[in-house]
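Here numbering that gives the first Met the number 0 is used: position 596 in the sequence shown is 595, and no number is missing along the way.
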Amino acid sequence: MAQIARVVVDVATRQTDQPYDYAIPDSLTGQVEPGMRVVVPFGRRKVQGFVVALQAQADFNGKLKPIQSVMDLEPVLNPELLALSKWVAHTTFSFWMTTMQTMLPAAMKASYARQLIRTAPLPAAGQALFGDRDTIPYPETLTPVQAKQLRQWLQQDLVRLEYVVKNKARAKTRQGVRLPDAAKLASTAQTLSPRAKGQRQLLAGIQAAPFSGALPITTVAKQYDVSPSVVEAARTAGWLLPAVIEVRRNPLDLAVKRDQPKKLTADQQKAAGQFIAAVTERQPRTFLLEGVTGSGKTEVYLQTIQQALNQGRTALMLVPEIALTPQMVHRVHARFGSAVAVLHSGLSDGEKYDEWRRIQHHQAQIVVGARSAVFAPLTHIGVIIIDEEHETSYKQEDSPRYHARNVALKRAKTFHCPVILGSATPSLESRARAEKNVYTLVRLPERINRKPLPPVHVIDMRENTGNRVQPDFSPELLTALNTTLARHEQSVLLLNRRGYSTQAMCRNCGWIARCPNCDISLTVHRSQHELVCHYCGHKEPIPTRCPVCHSDKIRFFGSGTEKIQDQLQEILPAARILRMDVDTTRKKGGHAKILKAFGEQKADILLGTQMIAKGLDYPTVTLVGVINADTALGLPDFRASERTFQLLTQVAGRAGRGDKPGQVIIQTYNPDHYAIQFAAKQDYEGFFKREMFVRHQGKYPPYYYTVLLTISAPQETVTAQEAYRIANDLKPLLSPTAIVLGPTPRSITRINNRYYYQILVKFKKEPALGRGLHNLLQNSQSLIKNKVQVAIDFEPQQIM
Ligand code: ADP
Ligand code: ZN
Ligand code: ZN
0 MAQIARVVVD VATRQTDQPY DYAIPDSLTG QVEPGMRVVV PFGRRKVQGF
50 VVALQAQADF NGKLKPIQSV MDLEPVLNPE LLALSKWVAH TTFSFWMTTM
100 QTMLPAAMKA SYARQLIRTA PLPAAGQALF GDRDTIPYPE TLTPVQAKQL
150 RQWLQQDLVR LEYVVKNKAR AKTRQGVRLP DAAKLASTAQ TLSPRAKGQR
200 QLLAGIQAAP FSGALPITTV AKQYDVSPSV VEAARTAGWL LPAVIEVRRN
250 PLDLAVKRDQ PKKLTADQQK AAGQFIAAVT ERQPRTFLLE GVTGSGKTEV
300 YLQTIQQALN QGRTALMLVP EIALTPQMVH RVHARFGSAV AVLHSGLSDG
350 EKYDEWRRIQ HHQAQIVVGA RSAVFAPLTH IGVIIIDEEH ETSYKQEDSP
400 RYHARNVALK RAKTFHCPVI LGSATPSLES RARAEKNVYT LVRLPERINR
450 KPLPPVHVID MRENTGNRVQ PDFSPELLTA LNTTLARHEQ SVLLLNRRGY
500 STQAMCRNCG WIARCPNCDI SLTVHRSQHE LVCHYCGHKE PIPTRCPVCH
550 SDKIRFFGSG TEKIQDQLQE ILPAARILRM DVDTTRKKGG HAKILKAFGE
600 QKADILLGTQ MIAKGLDYPT VTLVGVINAD TALGLPDFRA SERTFQLLTQ
650 VAGRAGRGDK PGQVIIQTYN PDHYAIQFAA KQDYEGFFKR EMFVRHQGKY
700 PPYYYTVLLT ISAPQETVTA QEAYRIANDL KPLLSPTAIV LGPTPRSITR
750 INNRYYYQIL VKFKKEPALG RGLHNLLQNS QSLIKNKVQV AIDFEPQQIM
């Protein structure tokens, strides 16, 4: 009998990031399992912890403290996820506690209260526990017998455990009824008053055709053609038994029209054949499916998923941001119906918890979700699909800094299943791995309807610099906008605003409004009459006079979406313009609303930031314009060209999807740049070769691995000192082929009154580096003393 539980406690410091031994007191014997959460004493506090193992003997020699209570009735992390959490913590240099918490829905976090809901009549012991209530707070202490009973009831679906945001409205339930035994029904027929006509009719109906299980009152009423009040009366009279029915908050529209598998084209068949074979033979292979938008990737995914289901297995499908790609979720749902669970940030905590529980209890076999869905508690995974695998949103920027692709590959190994990475513009890393046959490259070279990709015109904006009236619009783009409008067709305009937002400047002395907390200028939000810092959230009113020279010549420059919209409206007064950016999509469902309005042709022009490049699939769009293709190119990041190429290729693919031909106009100050040239030709393979050469020259991924260390502290001198100390500690651990860049101040050095320095290590093979980095974090007293934080990011997606 295991006496000892090894517990990782919720005290996030490097020193405490390890399991501690706790005794399992007699009162909790048999109730503690790995993957459950417990409350344990730690120092003088009581903290939450995860049981990660049970063992007979303690590693620790002193007297052990006992576990105080058990939070869960069943493990919330199964053995596979528990092992995965440890692996993620190790490979991303994060706390084990943090990775375990990342795997659970927010509703299960510590600040939530637990309660038990009775969903069916219980044996006597249960009746005593609940009394006449259907919902009770989870008991502070349970006897071993009670705990065992509760567990049994939970498994039999007689009770349900809920996590409630304190003081918030809760679980969706409805009143329902279930049938007593036949003898009771028969005796009721004898005793029921002849005047209770409705009840008699109900009883006769039930006796002729009884229902099973618990049904909502309204359903029973409809089924036997009586009014709901009759069913309620029967329940009050006691011959129908009360039941509480859970209403699952369903984020999907259940009324979706089901669709059937399509007959695959020859290319699709070749691709699907390989995937299906790998699913059937349970090969942990990784495929890279390279195919332009519209080449039929999704249909291939769906048929591969079907094969996994046929094999009695489950499927995990990751998509970048569901809010931006509702069509994908819709298609999976239309094919597989209620076997699908969705997990993404657009759901409420309650919805997420419900979906998670459905997966945990094997009620959903397919999970579609964004990044963190890679941790979905599916078992028997038969295939993992990552659509748009190049998207940066698959990498989490905060701790744990995991990449969903790496986690997926790890899980695939465990489950012996294939991974399919799909993209029109694969990341250089993945494409390079396919080149070396680490991944299997599968291509879908043509669009399904053989429709050619739209012609792309690159406009040299250097020739437009003399144009004072319309500095942001070339004559070519304006003409195209006008003709498209005249033909009653739609246009999409991309404004790549990053690092190019509207600033407030004094024309007299050159003063620029800057954030007091960060080294960055403030952005003008004209509609709210405010200056806003996009890094720390600081806000202030737009000044009417310059604080330095007191002149009133405050002007705005730069071209944010808001300003472009104003200009465009002036040039094209008849055009109906919709704007899509962080400001217009902040509210839940904001994206969907704008996309829907545009889809219903309630606007002529959709103007927006990067977010419009994704998932937009409207046949009526015939013109795509890119106002400023260059802004991403100028970023001090070795992926600048790759990002620019991906964005332009993606947005260009939005034109001419329907019957009418489309065109694309790209405005740029760098018309000869290879990223723009290859994007104009939609030539991924050409871009890949050229960019690989550039990366080779610069000793960057995929030729080298990278680790980025970010050191921050409230004082700049301390930050710099510690950064140099760390760099000096690291260098002796590295071989001569490794390259250490920095420390250097980050391009925006100060954010929210903390200073940031960075060290970038580029390396091919450094067996000692991982351990060195772990040691550095664990043993550094001076870091703690000086309030220094060190973030370690393996394969960072953003370097600035
Ligand atoms: P992708 O995922 O590569 O963008 P899709 O799978 O969305 O491509 O396919 C593009 C369009 O072609 C969709 O409207 C889809 O329904 C249709 N389609 C895909 N495969 C077939 C097929 N085998 N036969 C007919 N239509 C297909
Ligand atoms: Zn001034
Ligand atoms: Zn700020």
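All residues carry an ideal CB built from backbone N, CA and C; glycine is no exception.
Sequence-distant residues of its chain with Cβ nearer than 6 Å to K538 (five each side left out): E529 and V531
One or two residues paired with T667 in a DSSP bridge: D459
Pairwise C-alpha distance: L301 and S729: Going by the sequence as given, residue 729 is Leu instead of Ser. Roughly 48 Å separates the two Cα atoms.
Any 3 or more C-beta pairs closer than 8 Å across the stretch 498-514 and the stretch 592-603: Touching, no, given that fewer than three Cβ pairs across the two stretches are closer than 8 Å.
Residue environment, C514, which counts as buried when at least 16 other CB atoms sit within 10 Å: By the neighbour-count criterion, in which a residue is buried when 16 or more other Cβ atoms sit within 10 angstroms of its Cβ, C514 is buried.
Rounded Cβ spacing between G34 and V50 (contact assumed at less than 8 Å): 7 Å
Rounded C-alpha distance that separates T736 from K680: 37 Å
According to DSSP, residues forming a beta bridge with A712: Note: A712 sits in a beta bridge opposite Y754.
Distance between A333 and Q200 (C-alpha atoms, nearest Å): Answer to the nearest angstrom: the Cα atoms are 40 Å apart.
Contact test: C505 Cβ vs ligand 3 heavy atom, cutoff 7 Å: False, no ligand heavy atom lies under 7 Å from that Cβ.
Heavy atom of ligand 2 within 7 Å of W86 beta-carbon: no
Pair within 8 Å by beta-carbon distance, A57 and I3: Yes; because the gap between Cβ atoms is below 8 Å, this pair is in contact.
S872: CB within 7 Å of a non-hydrogen atom of ligand 2: Residue 872 is absent from the model: the chain starts at 0 and stops at 799.
Pairwise C-alpha distance: A790 and T709: 5 Å
Exposure of D397, with buried meaning 16 or more beta-carbon neighbours within 10 Å: exposed
beta-carbon C416 near ligand 3 non-hydrogen atom, thresh 7 Å: no
DSSP bridge partner residues for A813 (one or two, in chain order): Because the chain here runs from 0 to 799, residue 813 falls outside it and cannot be looked at.
First through last residue of the alpha helix (DSSP H) which encompasses V144: P143 to Q154
Those residues which DSSP pairs with T743 across a bridge: Q757
Span of the alpha helix (DSSP H) around G290: First-last for G290: T285 to G290, but that is the beta strand (DSSP E), not the alpha helix (DSSP H).
Rounded separation between L768 and R132 - CA only: 59 Å
Residue(s) in a DSSP beta bridge with V441: Under DSSP, V441 shares a beta bridge with L288.
8 Å Cβ cutoff met for L408 and L287: no
Pick from G655, S429 and E684 that is closest to D616, judged by C-alpha positions: G655
Three-pair Cβ contact test at 8 Å for the stretch 375-394 versus the stretch 419-436: Using a Cβ-Cβ distance cut-off of 8 Å, the stretch 375-394 and the stretch 419-436 are in contact, since at least three pairs of beta carbons, one from each stretch, lie closer than that value.
Coil, strand or helix - K763 by DSSP: coil
Integer-rounded CB distance, given that F687 should sit under 8 Å from R430: 5 Å
N- and C-terminal bounds of the alpha helix (DSSP H) containing H590: G589 to G598
Y673 and R461 closer than 8 Å at C-beta: no
Member of Y755, V739 and Y699 whose CA lies at the smallest distance from the CA of Q720: Y755
According to DSSP, residues forming a beta bridge with M691: For M691, which the question treats as bridged, DSSP gives no partner whatsoever.
E428 and P701 closer than 8 Å at C-beta: For E428 and P701, yes; Cβs fall inside 8 Å.
Touching by the beta-carbon criterion (3+ pairs, under 8 Å), the stretch 141-161 and the stretch 121-128: For the pair of segments examined, the stretch 141-161 was found to touch the stretch 121-128: the number of CB pairs separated by less than 8 Å reaches three.
Local conformation of I576 per DSSP, three classes: strand
Proximity test, G655 beta-carbon vs ligand 1 heavy atom, cut-off 7 Å: no
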